[in-house]
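First comes the structure, then the notes that go with it.
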Ligand code: F6P
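In the working numbering, the protein residues as written are 2 to 496.
See the structure below:
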């Protein structure tokens, strides 16, 4: 990069205040980036974002390949503005009431014992959001335990079932489409276990479903009164605000879940109304665009200096990469470069694994540090060490160090953004997650791509179904490449 970060600070004592945004939840510090201004967008880019924002909040069919709108913001609206909002709110009240009863341990299982354990069976968007927040909001949990089973690897469900008591366990089968192989397999295994342990009649007391496909959930054997629906205009990775969040409601109760929604609604208002050059998701996307599209940077590293945010990166990976990892623009033309790789791990652990590469490696990476100023349950000695590590790392990346030994030289001038949250509460998490959602929309607008479809996951699913009979030795008629054939034969010999 031509500009030198150290010099930018030296030449402007007010750089920090000029390059930070502050709101009720956090401070965003963009000053350690190679920027001369936060007015990063040209007129055309600004218009694209403004149009995308207008179409999004206007409920237009912006997911044009699937001919539907993307209106997840409606899931957190507190005051209804039209009949659809009223429907959303009434369905919200229903799943919140049920989840809150589990939270308060007022629901009984088949044999009359209190339900105290919940198993969410779902994958991708039907798993990652609630799982991240279950972890993040640990300090707000009641007494009910929640497990998350996603992988089709039988050991995932085995590990949970082997420690569960069928009389006190509730399964939430969470799947927008109710066709996802992993979820249906895990749900079937859980159902068999329950029927073998209790009785066939116990299923209605121990299974609920969350899905847009009520008929398929009924066919699976779930009682209609325990099916919580949502809408096809809610994308899986944007769905934690709907009944997909039921497992989280069971854990933290309806009141705290409503706070989560309120925090997200604050982010919606801010995104819709803040001027573009002071608009947090817009600036976050614009900084990424500056590095990834205009300056050849390759990936984004998220280092959250907060144990409670340990599951943030897996959640963000689906949100960002399933949304913007696309090869064509909205007109169907190839794009040279779309969304980049996001990865990361919590600090300080990450410092002792991959930070070597951040400081001296040759990859062009942009780092996003996340910190929390107040963590009441963490001893102050820990908290001050945690924060000084965070600040030391962004400073080290920036200032570097000269040495007469090349292996000890730090080039410095490596950029980063720091988000400093005031605390981790349902409301602040709602704000943070919704801000990331809007940032993805802005990035997609800048790239001129559709962030709301995910056809890239389909081919693998199709080929998996084709291979199943070959692996099961029910068919050998398939023409396969020698690698796939050889791997299957190895399984036949050793499996
Ligand atoms: O395979 C990808 C995907 O379709 C995600 O987009 C989605 O979140 C996940 O699978 C789970 O889908 P479902 O909720 O329909 O089971």
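For glycine and all other residues, C-beta sits at the position ideal for the given N, C-alpha and C.
Distance between residue 333 and residue 64, taken at the CA atoms: about 13 Å. One Cα belongs to residue 457, the other to residue 402, and the distance between them is close to 43 Å. With respect to residue 100, residue 267 sits apart: the two C-beta atoms are not nearer than 9 Å. Secondary structure of residue 370 (DSSP, three-state): strand.
In this structure, residue 175 has its beta carbon less than 8 Å from a heavy atom of the ligand F6P. Below 8 Å, too few C-beta pairs join the segment 97–113 and the segment 274–289 to call them touching: fewer than three.
The ligand F6P approaches residue 127 closely enough that one of its heavy atoms is under 8 Å from the residue's Cβ.
In the pairwise beta carbon analysis, the segment 388–400 is classified as touching the segment 414–434: at least three pairs are separated by under 8 Å.
Proximity to residue 182 across 462, 484, 346 and 92 peaks at 462, based on C-alpha coordinates. Collapsing the DSSP output to three states places residue 283 in a helix.
For residue 228, no alpha helix (DSSP H) encloses it; the enclosing beta strand (DSSP E) starts and ends at 228–230. Counting only the Cα atoms, residue 155 lies some 14 Å from residue 192. The C-alpha of residue 247 is placed about 12 Å away from the C-alpha of residue 92. By the C-beta density criterion, residue 123 is buried, having at least 16 other C-beta atoms within 10 angstroms. Excluding residues up to 5 positions away in sequence, 63, 71 and 442 lie with their Cβ nearer than 7 Å to the Cβ of residue 57 in the same chain.
Contact between residue 179 and residue 217 holds, with the beta-carbon distance rounding to 4 Å and staying under 8 Å. Residue pairing by DSSP puts residue 148 in a beta bridge opposite 120. Beta-bridge pairing by DSSP links residue 30 to 21 and 419. Going by DSSP, residue 170 is part of the beta strand (DSSP E) stretching over 170–175. By the neighbour-count definition (other C-beta atoms within 10 Å, threshold 16), residue 393 is an exposed residue. Following the DSSP letters along the chain, one finds residue 343 inside the beta strand (DSSP E) bounded by residues 342–345. Counting along the chain, residue 255 sits inside the alpha helix (DSSP H) bounded by residues 247–274. For residue 129, the secondary structure class from DSSP, reduced to helix, strand or coil, is helix.
Look at residue 228: its beta carbon is at least 8 Å from all of the heavy atoms in the ligand F6P. Cβ-Cβ separation between residue 447 and residue 4: approximately 21 Å, too far for a contact (criterion under 8 Å). Using a 10 angstroms sphere on the CB of residue 121, the tally of other CB atoms reaches 16 or more, which defines it as buried. Rounded to the nearest angstrom, the gap between the Cα atoms of residue 475 and residue 467 is 11 Å.
The beta-carbon distance between residue 143 and residue 96, rounded to whole angstroms, is 17 Å. This is too long to meet the 8 Å contact definition. A direct Cα-Cα distance of roughly 6 Å separates residue 23 from residue 29. For residue 116, the number of other beta carbons within 10 angstroms of its own is at least 16, and it is reported as buried. Within 8 Å of the C-beta of residue 186 there is not a single heavy atom belonging to the ligand F6P.
Per DSSP, the continuous beta strand (DSSP E) segment holding residue 303 begins and ends at 300–305.
Here the alpha carbons of residue 210 and residue 177 stand approximately 10 Å from one another. In this structure, the CA atom of residue 354 is about 47 Å from the CA atom of residue 478. By DSSP's assignment, residue 211 forms a beta bridge with 175 and 229.
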